[in-house]
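Residue numbers (our numbering): 16 to 408.
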C-alpha cells in the first residue's frame, strides 16, 4: 500500500481581523508580515500602507526599539486592597508594551509602586503587578504607567481609582469547636471545596475534558523534544496554560461568568483567594516573615496542602490514557455540533472568501511553490473557485 501524500498546509490570515490596535497588530506571528499603518490607524501589509513620504508611519517588529504610542487602560481589578501590600492588581488595556521589560519599574497604583509579574503579562493587553506596602492613610488614586520611557505619548492613566482598605472579620461560623482542632470556618470550607473541584480529574461525576489531557501531553512532548527535564519547568508550563490563564480570572472576576455586582470589599477578598490559588500553583518555596502581607499569612498553613493537590492533579492527568488525534477530532466535532447554533458559518465563509479574494495572487503564488499543492493543482482550483464566485455574484 502506497502512503498517502502529505496534505499541504496553507495559512490564510487577515491582518485587520481583531487587530484594532498597534499592540495587538505587532504581536502577530512575524511570518504573516503584518504591521501597523499609523497614518491610517489599521493593521495591514506594508504594500497596503501609503509609501514615501509616509514610510515613517509603518511600524513592524523588524525595526529597532519600536513602540506603540497612546497606551490605554480600560480595566483595573481589584480596585481595593490592604495597605500591607502583596495584592495582585490586573491591568487590562491596549498598547501596554511589546515586551515585559518595558513595564518593569514603570507601574504605580494610587502612587504606590506595583511590581509587574512576568507570568501574568500578556503582550500589549494585560499587566499583573504586585503591590508594595504603604501607610494606611494613603488616599485613593488611579493606576499610572509608562511604556519604556515616560514621554507623554507613552503614558497611560486609568479612570478607575484604587483604594486601600483594612479587612474586618464580622462573623465566624461555627463559633466553637473541639479543643483537638480540625474545625473549619465557613469561608475556609468553600475555598477547600473550590480548590478540590478544580484540581481533580474526576469530581462529582464530571470527567476531565479531553482537551486538557491533550494539551498537557503536548507540553510534555515538547519538553522531551527539546531536552527539558526540569520538573519545575513542566509544572509551570501546565500552570500557565490552564489554572493561571483561566481559573484565576474566574475567581478574581466572577462577573465574567455570573450576572453579579462585585463590591470593593468582595473584590479585595476574592483577590486574597486568587493569590492563594496562584501560590498553590507555584513551584517556589512559600516563605513568611514579619513583613509578609496579611493575604499570605491567612492561608500560610494551607498552601503546602494545596500545592500537593496541584502536583497530584498533574500526575493523575499524566497517568491517564493518551488521547489519539482521532478521538480529539471526534471531541471537537461534538463540541462544534453542540455549539453550532452559536456560530455563523456563512459569515465565516464570507470572511475567508474576502481574504482569499484580496490576497489571491499571494496565495496562488505560495501554492505554486509547494510541491504537494502543485500535484493537487490547488492554485488552479483556487482560481476556479474565485472565478465561479465572482460570476455568481
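Just so you know, even glycine gets a beta-carbon here, dropped at the ideal spot from N, CA and C.
> Taking all protein chains shown into account, do 16 or more other C-beta atoms lie within 10 angstroms of the C-beta of residue 93, making it buried, or fewer, making it exposed?
Replying inline: buried
>> Going by DSSP in three states, residue 15 sits in which element: helix, strand or coil?
In response: For the chain, the structure presents residues 16 to 408; residue 15 sits outside this window and is missing.
> For residue 346 versus residue 234, is the C-beta spacing smaller than 8 angstroms?
Replying inline: no
>> Let's see if you can read the secondary structure: which residues bound the alpha helix (DSSP H) around residue 319?
In response: 318-334
> Looking only at its own chain, which residues have a Cβ that is under 8 angstroms from the Cβ of residue 326, when we skip the five neighbours before and after it?
Replying inline: 250
> With respect to the beta strand (DSSP E) encompassing residue 300, which residues constitute its N-terminal and C-terminal limits?
Replying inline: No beta strand (DSSP E) contains residue 300, which DSSP labels as neither H nor E.
> Quick one: is residue 273 near chain C, going by C-beta distance under 8 angstroms?
Replying inline: In the structure shown, chain C does not exist; there is a single protein chain.
> Quick one: Cα of residue 370 to Cα of residue 29, how far?
Replying inline: 6 angstroms
> Between residue 105 and residue 267, is the Cβ-Cβ spacing less than 8 angstroms?
Replying inline: yes
> Can you give the Cα-Cα distance for residue 52 and residue 42, rounded to whole angstroms?
Replying inline: Cα to Cα, the separation comes out at about 14 angstroms.
>> Give me the DSSP bridge partner(s) of residue 36.
In response: DSSP, once it has assigned bridges, lists no residue as partnering residue 36.
>> Just to check my reading of the structure: residue 181 and residue 151 have Cβ atoms closer than 8 angstroms, yes? What is that Cβ distance to the nearest angstrom?
In response: 7 angstroms
>> If we require 4 or more residues per run, which alpha helix (DSSP H) segments fall completely within the stretch 367-402?
In response: 375-384 and 386-390
> Mind checking residue 396: buried by the 16 CB within 10 Å criterion, or exposed?
Replying inline: Under this definition residue 396 is an exposed residue.
>> According to DSSP, simplified to helix, strand and coil, what is residue 171?
In response: It is a strand residue.
>> Going by beta-carbon coordinates alone, are residue 34 and residue 58 separated by less than 8 angstroms?
In response: yes
> Should residue 117 go down as buried or exposed, given a rule of 16 or more other Cβ atoms within 10 Å for buried?
Replying inline: So residue 117 ends up on the buried side.
> Where do the N-terminal and C-terminal ends of the beta strand (DSSP E) with residue 110 fall, by residue?
Replying inline: 103-111
>> Just to confirm the assignment, what range does the beta strand (DSSP E) spanning residue 130 have?
In response: 127-131
>> On the DSSP bridge list, what partners appear for residue 146?
In response: Residue 146 is bridged to 129.
> Buried or exposed: where does residue 80 fall if 16 or more other Cβ atoms within 10 Å of its Cβ makes it buried?
Replying inline: It is exposed - the Cβ of residue 80 has fewer than 16 other Cβ atoms within 10 Å.
>> Just to check my reading of the structure: residue 108 and residue 156 have Cβ atoms closer than 8 angstroms, yes? What is that Cβ distance to the nearest angstrom?
In response: Their Cβ separation, rounded to whole angstroms, is 17 angstroms, which puts residue 108 and residue 156 out of contact at 8 angstroms.
> CB-CB under 6 angstroms to residue 141, same chain, minus the five flanking residues each way: which ones, in chain order?
Replying inline: The answer, listed in chain order, is 107.
>> Strictly by DSSP, which residues pair up with residue 119?
In response: Residue 119 has no beta-bridge partner at all, per DSSP.
> What does a CB cutoff of less than 6 angstroms around residue 90 pick up in its chain, not counting 5 residues either side in sequence?
Replying inline: 107
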